[in-house]
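*Asks:* Pasting a structure below so you can have a look.
There are 2 protein chains.
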Amino acid sequence: MPADEQPVASVWTRPRRRREQPALSRAQIVAEALDLLDTEGLEALSMRKLGARLDAGATSLYRHVATKDELIELVVDEVYGQVEVPDIQGEDWRSAVTVCATSARAVLVKHAWMASVLGQVGLAYLGPNVMRLNERMLALFEAAGFSLPEADLALSTVMAYVIGMGTTEAAWLTTLARSGRSEQEWMDSLRPAAAEASKPYPRLHALTTASNEDVEGARADGFRYGLERVLDGLATRLG
Amino acid sequence: MPADEQPVASVWTRPRRRREQPALSRAQIVAEALDLLDTEGLEALSMRKLGARLDAGATSLYRHVATKDELIELVVDEVYGQVEVPDIQGEDWRSAVTVCATSARAVLVKHAWMASVLGQVGLAYLGPNVMRLNERMLALFEAAGFSLPEADLALSTVMAYVIGMGTTEAAWLTTLARSGRSEQEWMDSLRPAAAEASKPYPRLHALTTASNEDVEGARADGFRYGLERVLDGLATRLG
DNA sequence: TCTCGTTGCGCACACTGTACGCAGAGCCGA
DNA sequence: TCGGCTCTGCGTACAGTGTGCGCAACGAGA
Numbered sequence: 081m082p083a084d085e086q087p088v089a090s091v092w093t094r095p096r097r098r099r100e101q102p103a104l105s106r107a108q109i110v111a112e113a114l115d116l117l118d119t120e121g122l123e124a125l126s127m128r129k130l131g132a133r134l135d136a137g138a139t140s141l142y143r144h145v146a147t148k149d150e151l152i153e154l155v156v157d158e159v160y161g162q163v164e165v166p167d168i169q170g171e172d173w174r175s176a177v178t179v180c181a182t183s184a185r186a187v188l189v190k191h192a193w194m195a196s197v198l199g200q201v202g203l204a205y206l207g208p209n210v211m212r213l214n215e216r217m218l219a220l221f222e223a224a225g226f227s228l229p230e231a232d233l234a235l236s237t238v239m240a241y242v243i244g245m246g247t248t249e250a251a252w253l254t255t256l257a258r259s260g261r262s263e264q265e266w267m268d269s270l271r272p273a274a275a276e277a278s279k280p281y282p283r284l285h286a287l288t289t290a291s292n293e294d295v296e297g298a299r300a301d302g303f304r305y306g307l308e309r310v311l312d313g314l315a316t317r318l319g
Numbered sequence: 081m082p083a084d085e086q087p088v089a090s091v092w093t094r095p096r097r098r099r100e101q102p103a104l105s106r107a108q109i110v111a112e113a114l115d116l117l118d119t120e121g122l123e124a125l126s127m128r129k130l131g132a133r134l135d136a137g138a139t140s141l142y143r144h145v146a147t148k149d150e151l152i153e154l155v156v157d158e159v160y161g162q163v164e165v166p167d168i169q170g171e172d173w174r175s176a177v178t179v180c181a182t183s184a185r186a187v188l189v190k191h192a193w194m195a196s197v198l199g200q201v202g203l204a205y206l207g208p209n210v211m212r213l214n215e216r217m218l219a220l221f222e223a224a225g226f227s228l229p230e231a232d233l234a235l236s237t238v239m240a241y242v243i244g245m246g247t248t249e250a251a252w253l254t255t256l257a258r259s260g261r262s263e264q265e266w267m268d269s270l271r272p273a274a275a276e277a278s279k280p281y282p283r284l285h286a287l288t289t290a291s292n293e294d295v296e297g298a299r300a301d302g303f304r305y306g307l308e309r310v311l312d313g314l315a316t317r318l319g
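This is the structure in structure tokens:
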């Protein structure tokens, strides 16, 4: 086959009309990136790999997204959109906030890569889903009786707790996933080393050698306990 | 100069005795890495750059450190060692925990890159400084009247709050540092865009258009408010 | 003197984000 | 019907990354 072969006019070789559908859209890219992040983790997300998943070259993505960081911001906002916020119901603000916080924790744990990214992106930027979430939670705290400025403080407090807890859990789950073992297996295999290392610290030693059945349930219980305390603390302000 | 020139015996060309001092040690590497992280941020840390700072090749570092991730874990533990924990004083546990939490926040803000890394490293690993910190805080909560298991829960709650708040603040400071502007300048230049974007959300709109003098102080106040609430919530468990 | 373990380093590989400019394709005024 | 003009995708290229491999130099011990 000569190198400078003339293109033959044929149904098979003729390039398809491209504008039938634009073949690449920001929404598609974001969706595929989210899937890639969820299945393979943050460090597995590269523009080339993402392009390959979309049957496109790596640099084609840059027509729809300015930079990789911007893409990540878009995905983060997408994830924020998955957090469930119940409608305003003034009399029972605690259960409403609990639903929302629990949902946020679930989302963070489901998309564990978020934890690594929150430290760079934070809540400072202006994604529509983040704004919607914040607005609705502010409304919730206002309906409970907080002034708007204090509702802002209360919201920050709850979100900080959820993010901190979610970060720690997600980090744990990430190292776990990298090891390939199950949570219980890892716990059991780590037990002797942890017990040995914690020997100089009696309280840690007691905790690590204590029974560790149902670690996953224990994590959920821990989250609930802390959330209850935070809400208790906020309740004291409503006197 | 011929390419295959013979090495001339001379005081200047003769290689120095290397074992005068080992020239590279794990402690030195960790210290230099910490400095590099603090001054240039997480994505500026590369093994080559770190090696250059120590007058060494990049791969030389691997004699003292298994992998870059391990190096980061070492630096993280080093940073945890900077958190101040007051001695046990049972009667005034609130102020003791406050000192510790405030110190932890200061450390997180000072080493803003920590926020990006906590999502991968978490508190799950076994660094000596982390263990020491946890042990002493457990003692503090026990002295306050919590049982050991509940002291563990209380510790997680407070730490989650501090980490969540610190993560958000650090993310904010990082994007700020990247822009090169001061906090007040950035706030002022962002004001119109933020006001415009928050128009559909009345509460957010009210908050963003409210007076924003002394944003740094406002951040500190916000942290104190939330911490007080968390401690209030824990106090309810002590009857 | 010979050997051995330890340390530092140069090279190489596979991979990254993304700037640049070209090649088609649809659209719009002439 | 025929040029431009804009939009989209892509191939190439560049500077940078982490790190495996094997060599060279050294102090110490036999």
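So the protein sequences, as listed, match chains A and B. Count along the first sequence from 1, add 80, and you get the number used in my numbering. Count along the second sequence from 1, add 80, and you get the number used in my numbering. The beta carbon of each residue, even a glycine, is placed where N, CA and C say it ideally should be.
State yes or no: is the beta carbon of G244/A nearer than 7 Å to at least one beta carbon in chain B?
*Replies:* Indexing the first sequence from 1 puts residue 244/A at position 164. For G244/A, the answer is yes, since a Cβ of chain B falls inside 7 Å of its Cβ.
*Asks:* Which value, in whole angstroms, describes the spacing of the CA atoms of E150/B and S140/B?
*Replies:* One-based indexing of the second sequence puts residue 150/B at position 70. One-based indexing of the second sequence puts residue 140/B at position 60. Near 15 Å, if we compare the C-alpha coordinates of S140/B and E150/B.
*Asks:* Whether or not the region 148 to 166 of chain B and the region 208 to 226 of chain B are in contact is what I'm after, with contact meaning three or more pairs of Cβ atoms, one per stretch, closer than 8 Å; do they touch?
*Replies:* yes
*Asks:* How big is the Cα-Cα spacing for H285/B and S183/B?
*Replies:* Taking the first residue of the second sequence as position 1, residue 285/B is located at position 205. Taking the first residue of the second sequence as position 1, residue 183/B is located at position 103. Their Cα atoms are separated by approximately 33 Å.
*Asks:* Please report whether the beta-carbon of G302/B lies at a distance below 7 Å from any beta-carbon of chain A.
*Replies:* Position 222 of the second sequence, counted from the start, is the residue given in the question as residue 302/B. Yes - at least one Cβ of chain A is within 7 Å of the one on G302/B.
*Asks:* Taking the alpha helix (DSSP H) that G260/B falls in, what are its first and last residues?
*Replies:* Translated into the one-based positions of the second sequence, residue 260/B becomes position 180. Neither: G260/B is in no alpha helix (DSSP H) and is coded neither H nor E.
*Asks:* Which same chain residues, not among the five before or five after A181/B, have their C-beta less than 7 Å away from its C-beta?
*Replies:* As a working mapping, residue 181/B is identified with position 101 in the second sequence. Hits under 7 Å: V238, V242, L307.
*Asks:* Against N214/B, what residues of chain A qualify as contacts under a CB-to-CB distance less than 7 Å, listed in chain order?
*Replies:* For the purposes of this step, residue 214/B is identified with residue 134 of the second sequence, where counting begins at 1. Going along chain A in sequence order, the residues near N214/B (Cβ under 7 Å) are L284.
*Asks:* According to the Cβ coordinates, are V110/B and V156/B closer than 7 Å?
*Replies:* Counted from its first residue, the second sequence places residue 110/B at position 30. Counted from its first residue, the second sequence places residue 156/B at position 76. No, they are not a contact pair.
*Asks:* In this structure, how does DSSP classify T247/A when only helix, strand and coil are distinguished?
*Replies:* Counted from its first residue, the first sequence places residue 247/A at position 167. It is helical.
*Asks:* Whose C-alpha, out of Y142/B, E120/B, L116/B, D167/B, is nearest the C-alpha of A224/B?
*Replies:* The residue labelled residue 224/B in the question sits at position 144 within the second sequence. Of Y142/B, E120/B, L116/B, D167/B, the residue nearest in Cα terms is D167/B.
*Asks:* Please list the terminal residues of the continuous alpha helix (DSSP H) segment that includes I168/B.
*Replies:* Stepping through the second sequence from its first residue, residue 168/B is reached at position 88. Element bounds for I168/B: n/a, residue is neither H nor E.
*Asks:* Can L270/A and E263/A be called in contact, C-beta distance under 7 Å?
*Replies:* Translated into positions along the first sequence, residue 270/A becomes position 190. Translated into positions along the first sequence, residue 263/A becomes position 183. No, they are not a contact pair.
*Asks:* Could you tell me if D232/B is buried or exposed, where buried requires 16 or more neighbouring beta carbons within 10 angstroms of its beta carbon?
*Replies:* By 1-based counting over the second sequence, the position of residue 232/B is 152. Under this definition D232/B is a buried residue.
*Asks:* Let me see if you follow: with CB-CB separation under 7 Å, is D312/A close to chain B or not?
*Replies:* Within the first sequence, residue 312/A is the residue found at index 232, counting from 1. Yes, contact with chain B.
*Asks:* Distance cutoff 7 Å, beta carbons only. Does Y305/A sit that close to anything in chain B?
*Replies:* Reading the first sequence from its first residue, position 225 is the one you call residue 305/A. It does: the Cβ of Y305/A has a partner Cβ on chain B nearer than 7 Å.
*Asks:* To which residues of the same chain is L213/B closer than 7 Å at the C-beta, ignoring the five residues directly before and after it?
*Replies:* Within the second sequence, the letter at position 133 stands for residue 213/B. For L213/B, where only same-chain residues beyond five positions count, the Cβ hits under 7 Å are Y160, V163, V165.
*Asks:* In whole angstroms, give me the CA-to-CA distance for T316/A and D312/B.
*Replies:* Translated into positions along the first sequence, residue 316/A becomes position 236. Translated into positions along the second sequence, residue 312/B becomes position 232. Taking the straight line joining both Cα atoms gives about 8 Å.
*Asks:* What residue range does the alpha helix (DSSP H) around V310/B cover?
*Replies:* By one-based count along the second sequence, residue 310/B stands at place 230. The continuous alpha helix (DSSP H) containing V310/B extends over residues 295 to 315.
*Asks:* Should W193/B and L117/B be called a contact, given that it needs their Cβ atoms to be closer than 7 Å?
*Replies:* Taking the first residue of the second sequence as 1, we reach residue 193/B at position 113. Taking the first residue of the second sequence as 1, we reach residue 117/B at position 37. Yes, Cβ-Cβ distance for W193/B and L117/B is below 7 Å.
*Asks:* Verify the CB distance criterion: does Y160/B have a CB-CB separation below 7 Å to chain A?
*Replies:* Locating residue 160/B in the second sequence gives position 80, where the first residue counts as 1. No, no contact with chain A.
*Asks:* Is the beta carbon of S236/A sitting closer than 7 Å to the one on G302/B?
*Replies:* Working through the first sequence from its first residue, we reach residue 236/A at position 156. Working through the second sequence from its first residue, we reach residue 302/B at position 222. For S236/A and G302/B, yes; Cβs fall inside 7 Å.
*Asks:* Residue range of the alpha helix (DSSP H) that N292/B falls in?
*Replies:* For the purposes of this step, residue 292/B is identified with residue 212 of the second sequence, where counting begins at 1. Element bounds for N292/B: n/a, residue is neither H nor E.
*Asks:* Taking its Cβ as the centre, do 16 or more other Cβ atoms sit within 10 Å of E222/A, making it buried, or is it exposed?
*Replies:* As a working note, residue 222/A is residue 142 in the first sequence. E222/A comes out buried.
*Asks:* Tell me which residues share the same chain as R185/B and place their Cβ nearer than 8 Å to its Cβ, disregarding the 5 neighbours each side in the sequence.
*Replies:* Here residue 185/B is taken as the residue at index 105 of the second sequence, counted from 1. If we look at R185/B and ignore the five residues flanking it on each side, its Cβ neighbours are V242, M245, G246, E249, F303.
*Asks:* Relative to the C-alpha of V145/A, which candidate in A107/A, L122/A, S227/A has its C-alpha closest?
*Replies:* Taking the first sequence and counting its residues from 1, one reaches residue 145/A at position 65. Nearest option by C-alpha distance: A107/A.
*Asks:* Between Q200/B and chain A, is there a C-beta pair that is closer than 7 Å?
*Replies:* As a working note, residue 200/B is residue 120 in the second sequence. Yes, contact with chain A.
*Asks:* Excluding five sequence neighbours on each side, which residues of the same chain lie with their C-beta closer than 7 Å to the C-beta of G131/B?
*Replies:* Within the second sequence, residue 131/B is the residue found at index 51, counting from 1. The answer, listed in chain order, is G137, A138, S140, L141.
*Asks:* What residues of chain A sit near R185/B, judged by a beta carbon separation below 9 Å?
*Replies:* Position 105 of the second sequence, counting from 1, holds the residue named residue 185/B. Residues of chain A passing the Cβ test: none, with the nearest at roughly 10 Å.
*Asks:* Within the same chain, show all residues whose beta-carbon is closer than 7 Å to that of E112/A, passing over the 5 residues directly before and after it, in chain order.
*Replies:* Counted from its first residue, the first sequence places residue 112/A at position 32. Correct list, in chain order: L130, R133, L134.
*Asks:* Might you give, ordered along the chain, the residues of its own chain that have their beta carbon closer than 6 Å to the beta carbon of R99/A, omitting 5 neighbours on each side?
*Replies:* Within the first sequence, numbered from 1, the residue matching residue 99/A stands at position 19. A caution first: R99/A carries a pLDDT of 47, below 50, which makes its placement in the model unreliable, though a value can still be read off. For R99/A, where only same-chain residues beyond five positions count, there are no Cβ hits under 6 Å.
*Asks:* Once DSSP output is grouped into helix, strand and coil, what is the label at V145/A?
*Replies:* Taking the first residue of the first sequence as 1, we reach residue 145/A at position 65. Three-state DSSP puts V145/A in coil, outside helix and strand.
*Asks:* Taking 7 Å as the cut-off, decide whether the C-beta atoms of A234/B and L314/B are in contact.
*Replies:* Residue 234/B sits at position 154 when you count from the first residue of the second sequence. Residue 314/B sits at position 234 when you count from the first residue of the second sequence. Yes; because the gap between Cβ atoms is below 7 Å, this pair is in contact.
*Asks:* Can you give the beta carbon distance from A251/B to G199/A, rounded, assuming they're within the 8 Å contact cut?
*Replies:* As a first step, residue 251/B is located in the second sequence; it is residue number 171 there, counting from the start. As a first step, residue 199/A is located in the first sequence; it is residue number 119 there, counting from the start. Contact holds; Cβ gap of about 6 Å.
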